[in-house]
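S.K.: Residue numbering for the sequence shown follows full-length UniProt numbering, starting at 9 and increasing by one per position. Each residue gets a CB set at the ideal place from its N, CA and C atoms; glycine is no exception. I have a structure here, written as structure tokens, and I will follow up with some questions on it.
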Amino acid sequence: RTYKIASIPGDGIGIEITEQAIKVLRTIEVLFNSFTFDIDTLDWSSKRYLEQGEYIPADGWQRLRKSDAILFGAVGSPAVPDDISLWNLILPLRKKVIHSGLLYQTPLTANQLTQYINLRPIRILPGLSAPLKNCADGDLDWIFVRENSEGEYSGQGGTTHDDTPNTIANEVAVFTSVGIERTMRFAFEVARGRPRKKLTMVTKSNAQRYGMVLWDKIFYEIAKEYPDVETDKMLVDAMTVRMVLKPKTLDTIVTTNLHGDILSDLAAALAGSIGVAASSSLDPTRQNPSLFEPIHGSAPDIAGQGIANPIGTFWSTAEMLRWLGEDAAADLLMTAIQTVTASGIKTRDLGGTNDLIEVTEAVIVELEKS
Ligand code: NAI
Ligand code: MG
């Protein structure tokens, strides 16, 4: 069969790494005779925004919704304020544009996808040195289930008394029981499917009294349906300490949009580099395509130099293959990635000396050996 992949390289190193991921997909397509990729490359970027005033063209949503999956690089340019680039490209891709009070009554329109789960696996890949004591290959086997559509990233709020000494800015975090419940259920299923069957929920329900307390309540309710899953609850500040001091006590973690964003970057650093970590924005209903991207941004400080680490993008590509049901291809790619890291071929962020193309070629050589 043919999978339609929408590729959005975006900005900065997003362009360089996505190009390498496509080489990897083309290699896999030849190795497996059973499927092919029809790749639609979309130039939705800050460059396009500066030239044409928009990131996503009017017919963009139709094109995306025809695809089976979206491969995303990164967005962000020194020439465009970050809140403009995020809110005009990656955030509307992940979720519905919402209006307070109407969230779940609003039917999907042509310009909406709903990727309400963000999944971020973390593991120290073979051969990588990570900053924590007593943590090496295969350790830190964590998976973050981050709520991807609500909370502080709901886009609700505003300012009053602008440009006066008394400006007030409200950033309203919106949480709904529907949004929390579907995230919890997904997280319990993930935890149940892993050997340790252990789920840690992270909130800040001591200081934040409404949304976070609702999270706690729904967590304990759903936990009753999963007696085989061991559960515990952490406050986000204490969680950062536990990740550093007792990392092996964690397995599956479920958390809010903002907390998950921050904790998963810390987790990636603890696993060696932000350049190796993968992220999937999933629509578990499968009504619309899901999106796969590295967790890092466009890294303008190293863009155009050919030294970006492509491993996070390759890992995301493997996650995409798995979501499409091509488990054998996903496994093959993960094995190739790990053989390459174990062999010492790595980019500078991992303390290596290899460049982007050398790492990509090493992965392709490993794939072709199979
Ligand atoms: P960043 O992740 O782009 O970079 C942080 C640091 O990590 C930089 O020193 C960078 O060189 C390094 N780094 C990141 N990815 C790397 C890789 N693959 N290989 C080697 N080194 C790597 O985060 P930063 O600097 O905060 O943001 C830069 C831009 O990216 C901003 O415009 C930001 O808004 C955007 N951004 C976009 C995201 C997305 O598209 N999903 C996510 C995070 C940031
Ligand atoms: Mg982030």
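Along the alpha helix (DSSP H) that carries residue 102, what are the first and last residues, could you check?
M.R.: If you number the sequence shown from 1, residue 102 lands on position 94. Counting along the chain, the alpha helix (DSSP H) containing residue 102 begins and ends at 99-102.
S.K.: Might you give, ordered along the chain, the residues of its own chain that have their beta carbon closer than 6 Å to the beta carbon of residue 359, omitting 5 neighbours on each side?
M.R.: Walking along the sequence shown from the start, residue 359 turns up at place 351. Taken in chain order, the list of residues that qualify is empty.
S.K.: Is residue 361 close to the ligand NAI? I mean its beta-carbon at under 7 Å from any heavy atom of the ligand.
M.R.: Taking the sequence shown and counting its residues from 1, one reaches residue 361 at position 353. Answer for residue 361: no, Cβ out of range of the ligand NAI.
S.K.: Does DSSP classify residue 323 as helix, strand or coil?
M.R.: Within the sequence shown, residue 323 is the residue found at index 315, counting from 1. In this structure, residue 323 counts as helix in the three-state DSSP scheme.
S.K.: Can you tell me the Cα-Cα spacing of residue 377 and residue 340, whole angstroms?
M.R.: Position 369 of the sequence shown, counted from the first residue, corresponds to residue 377. Position 332 of the sequence shown, counted from the first residue, corresponds to residue 340. Taking the straight line from one Cα to the other gives about 10 Å.
S.K.: Does the Cβ of residue 290 lie closer than 7 Å to at least one heavy atom of the ligand NAI?
M.R.: Along the sequence shown, read from residue 1 onward, the residue named residue 290 stands at position 282. No, Cβ of residue 290 sits at least 7 Å from all heavy atoms of the ligand NAI.
S.K.: Applying the 10 Å Cβ sphere with the 16-neighbour rule, what's the burial state of residue 320?
M.R.: Working through the sequence shown from its first residue, we reach residue 320 at position 312. Its Cβ being crowded by 16 or more others within 10 Å, residue 320 is buried.
S.K.: Would residue 351 and residue 19 be called neighbours here (beta carbons separated by less than 8 Å)?
M.R.: Within the sequence shown, numbered from 1, the residue matching residue 351 stands at position 343. Within the sequence shown, numbered from 1, the residue matching residue 19 stands at position 11. Result no, Cβ atoms of residue 351 and residue 19 do not sit closer than 8 Å.
S.K.: Would DSSP call residue 95 helix, strand or coil?
M.R.: Start at 1 with the first residue of the sequence shown, and residue 95 comes out as number 87. Helix, per DSSP.
S.K.: Which two residues bound the contiguous alpha helix (DSSP H) that contains residue 54?
M.R.: Counting from 1 along the sequence shown, the entry for residue 54 is found at position 46. Start and end: 54-60.
S.K.: Excluding the five sequence neighbours on either side, which residues of its own chain have a C-beta within less than 6 Å of the C-beta of residue 116, listed in chain order?
M.R.: Mapped onto the sequence shown, residue 116 falls at position 108. Confidence at residue 116 is low in this model, with a pLDDT of 47, below 50, so the placement of that residue should be treated as unreliable; the coordinate-derived value is given next. Around residue 116: no qualifying Cβ.
S.K.: Would the C-beta of residue 94 count as close to the ligand NAI, meaning under 7 Å from any of its heavy atoms?
M.R.: By one-based count along the sequence shown, residue 94 stands at place 86. Flag set: Cβ of residue 94 near the ligand NAI.
S.K.: Mind checking whether residue 188 and residue 132 have CB atoms under 8 Å apart?
M.R.: Counted from its first residue, the sequence shown places residue 188 at position 180. Counted from its first residue, the sequence shown places residue 132 at position 124. The answer is no: Cβ separation not under 8 Å.
S.K.: Identify whether residue 227 lies in helix, strand or coil by the three-state DSSP scheme.
M.R.: Your numbering for residue 227 matches position 219 in the sequence shown. Note: residue 227 maps to helix in three-state DSSP.
S.K.: How would you write the range of the alpha helix (DSSP H) that residue 265 sits in, first residue to last?
M.R.: As a position in the sequence shown, residue 265 is number 257, starting the count at 1. Taken as a continuous stretch (DSSP letters only), the alpha helix (DSSP H) holding residue 265 covers 265-278.
S.K.: By the 10 Å Cβ neighbour count, where 16 or more other Cβ atoms means buried, how is residue 124 classified, buried or exposed?
M.R.: The count along the sequence shown starts at 1 and reaches residue 124 at position 116. The residue in question, residue 124, is buried, as its Cβ has 16 or more Cβ neighbours within 10 Å.
S.K.: Checking the sheet assignment: what are the DSSP bridge partners for residue 165?
M.R.: By one-based count along the sequence shown, residue 165 stands at place 157. DSSP, once it has assigned bridges, lists 179 as partnering residue 165.
S.K.: If you draw a straight line from the alpha carbon of residue 333 to that of residue 218, how long is it in whole angstroms?
M.R.: Stepping through the sequence shown from its first residue, residue 333 is reached at position 325. Stepping through the sequence shown from its first residue, residue 218 is reached at position 210. Distance between the alpha carbons of residue 333 and residue 218: 39 Å.
S.K.: State the Cα-Cα distance for the pair residue 330 and residue 67, rounded to the nearest angstrom.
M.R.: Counted from its first residue, the sequence shown places residue 330 at position 322. Counted from its first residue, the sequence shown places residue 67 at position 59. Between residue 330 and residue 67, the C-alpha separation is close to 28 Å.
S.K.: Quick check: is any heavy atom of the ligand NAI less than 7 Å from the C-beta of residue 317?
M.R.: The residue labelled residue 317 in the question sits at position 309 within the sequence shown. Yes.
S.K.: According to DSSP, simplified to helix, strand and coil, what is residue 449?
M.R.: Missing from the structure shown is residue 449; the chain here goes from 9 to 378 and no further.
S.K.: Among the residues of its own chain, which have a CB less than 7 Å from the CB of residue 143, if the five just before and after it don't count?
M.R.: Along the sequence shown, read from residue 1 onward, the residue named residue 143 stands at position 135. 132 and 255, listed in sequence order.
S.K.: Given residue 72, which residues of its chain have a CB within under 6 Å of its CB, disregarding the five upstream and five downstream residues?
M.R.: Counted from its first residue, the sequence shown places residue 72 at position 64. Once the five neighbours on either side are set aside, the close Cβ partners of residue 72 are 14.
S.K.: Looking only at its own chain, which residues have a Cβ that is under 7 Å from the Cβ of residue 214, when we skip the five neighbours before and after it?
M.R.: In the sequence shown, counting from the first residue as 1, residue 214 sits at position 206. Closer than 7 Å at the Cβ level, and outside the excluded window around residue 214, lie 243.
S.K.: Give me the Cα-Cα distance between residue 374 and residue 36, rounded to the nearest whole angstrom.
M.R.: Along the sequence shown, read from residue 1 onward, the residue named residue 374 stands at position 366. Along the sequence shown, read from residue 1 onward, the residue named residue 36 stands at position 28. Near 11 Å, if we compare the C-alpha coordinates of residue 36 and residue 374.
S.K.: Kindly examine the ligand NAI and report whether one of its heavy atoms sits closer than 7 Å to the Cβ of residue 302.
M.R.: As a working note, residue 302 is residue 294 in the sequence shown. Flag set: Cβ of residue 302 near the ligand NAI.
S.K.: Could you tell me how far apart the beta carbons of residue 181 and residue 159 are, in whole angstroms, since I believe they sit closer than 8 Å?
M.R.: Counting from 1 along the sequence shown, the entry for residue 181 is found at position 173. Counting from 1 along the sequence shown, the entry for residue 159 is found at position 151. Their Cβ separation, rounded to whole angstroms, is 5 Å, which keeps residue 181 and residue 159 in contact under 8 Å.
S.K.: Thinking just about the alpha-carbon of each residue, which of 357, 337, 278 and 346 is nearest to the one in residue 315?
M.R.: Taking the first residue of the sequence shown as position 1, residue 315 is located at position 307. For residue 315, the nearest C-alpha among the options comes from 357.
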